[in-house]
Amino acid sequence: MCATCPLKDRCTRSKTGRVFSVHAQYDLLKAARDQAATDPDWQAEYRRWRPPLERAISWLVAKGNRRVPYRDVIKNDTWLHNRAAALNLRRLINLGLTRTNGTWTIITAPA
Numbered sequence: 003m004c005a006t007c008p009l010k011d012r013c014t015r016s017k018t019g020r021v022f023s024v025h026a027q028y029d030l031l032k033a034a035r036d037q038a039a040t041d042p043d044w045q046a047e048y049r050r051w052r053p054p055l056e057r058a059i060s061w062l063v064a065k066g067n068r069r070v071p072y073r074d075v076i077k078n079d080t081w082l083h084n085r086a087a088a089l090n091l092r093r094l095i096n097l098g099l100t101r102t103n104g105t106w107t108i109i110t111a112p113a
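Converting from the sequence shown to the numbering used here requires adding 2 to each position, the first position being numbered 1.
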C-alpha cells in the first residue's frame with residue numbers, strides 16, 4: 003500500500019510501510035458523529051443533559067477529590083457513595099428541604 007504512495011517519504015521512513023488499524027465499529031461511530039454534527043434534535047437533547055451532568059462531576063471532584071483517598075476498593079466505593087450522598091443532601095437543602103410535621107418536604111414557590 004505504501005510502496006506506490008507519492009507521500010510515503012512524508013508519512014514514514016519504514017521500508018515496509020506504515021500500519022494502522024481501524025476500530026471494528028468505525029462505521030457505527032462515524033454515523034453517530036455525523037448525527038451529532040447535523041441532527042438538531044440530538045443537539046438539543048445533548049444540550050439539555052450535558053450541563054447538569056458536567057456540574058455534578060465538577061462538584062464530585064471539587065476541593066481535592068479528583069483522586070480517590072484510599073488504596074482499598076471497598077473503602078473507595080464507600081467514600082464515593084458518601085460523597086455523592088453529601089452532595090445530593092446539599093443540593094436538596096439548597097432547593098429548600100425542610101422537616102414539617104415529621105416529614106421531609108421541599109418548599110416550592112407559591113403559584
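In this text, a Cβ means the ideal position worked out from N, Cα and C, and glycines have one as well.
Starting from residue i, follow its DSSP beta bridges and name the residues at the other end.
| i | result |
| --- | --- |
| residue 106 | 101 |
Output the distance between the C-alpha atoms of residue i and residue j, rounded to the nearest integer angstrom.
| i | j | result |
| --- | --- | --- |
| residue 66 | residue 37 | 37 Å |
| residue 98 | residue 57 | 19 Å |
| residue 27 | residue 92 | 41 Å |
| residue 22 | residue 39 | 26 Å |
| residue 5 | residue 25 | 24 Å |
| residue 7 | residue 19 | 10 Å |
For a test of the three-state rule: what should DSSP assign to residue i, helix, strand or coil?
| i | result |
| --- | --- |
| residue 74 | coil |
| residue 9 | coil |
| residue 37 | helix |
| residue 80 | helix |
| residue 32 | helix |
Does any residue of chain B bring its CB to less than 8 Å from the CB of residue i?
| i | result |
| --- | --- |
| residue 103 | You won't find chain B in this structure, because it holds only one protein chain. |
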